[in-house]
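Note that the working numbering has the sequence shown beginning at 449, numbered continuously upward.
Ideal Cβ positions, reconstructed from N, Cα and C, are used throughout, including at glycine.
What you are looking at is a predicted structure, and each value in this text was computed from that prediction instead of being measured.
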Amino acid sequence: MDDCLFCKIVNKELPSNIIFENDRLMAFKDIDPQAPIHFLIIPKMHISTLNDLESGHQELIGEMFLTAKQLAKEYKIAKAGYRTVFNCNQEGGQAVYHIHLHLLGGRQMCWPPG
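Structure, rendered in structure tokens:
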């Protein structure tokens, strides 16, 4: 998608602080962190929202969560705990229409978020 911010990051058209990359996924630091550790894990394939997921995406979504687990361990927040969040559409808090899994940690998370 030509105007997608995250597609431009995937294509290296925009700079980002990439912390993980493989052939299907990329993870980078959020530019507006809500916690000391706040990473975004995205598929390189453009999928606009969770509503656009299909059964063929199951492995990809699982890989996103396994990557979150790996990064939590690597950044030493796994034992204390962390939060993973997908937002969907405007009322769900989605700001960029390319699915992304937030990984947040490094402080006590409260509910509801705030």
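Are residue i and residue j close, meaning C-beta to C-beta below 8 Å?
{"i": "His546", "j": "His505", "result": "no"}
{"i": "Leu551", "j": "Ala526", "result": "no"}
{"i": "Leu508", "j": "Phe487", "result": "no"}
{"i": "Leu549", "j": "Ile457", "result": "no"}
Taking residue i as the reference, which of the options has the closest Cα?
{"i": "Asp471", "options": "Glu511, Gln556, Ile525", "result": "Glu511"}
{"i": "Gln559", "options": "Asn535, Asn537, Gln542, Arg531", "result": "In the sequence as displayed, the identity of residue 559 is Trp instead of Gln. Checked all of Asn535, Asn537, Gln542, Arg531; the closest Cα to Trp559 is Arg531."}
{"i": "Pro484", "options": "Tyr523, Leu549, Glu539, Gln538", "result": "Tyr523"}
{"i": "Gln538", "options": "Thr497, Ala528, Lys521", "result": "Thr497"}
Compute the beta-carbon to beta-carbon distance between residue i and residue j, rounded to the nearest angstrom, for a pair I have assumed lies under 8 Å.
{"i": "Asn465", "j": "Phe476", "result": "5 Å"}
Just curious, the alpha helix (DSSP H) that residue i is in, first and last residue?
{"i": "Leu508", "result": "506–522"}
Which word fits residue i, buried or exposed, when buried means at least 16 other C-beta atoms lie within 10 angstroms of its C-beta?
{"i": "Pro491", "result": "buried"}
{"i": "Ile479", "result": "exposed"}
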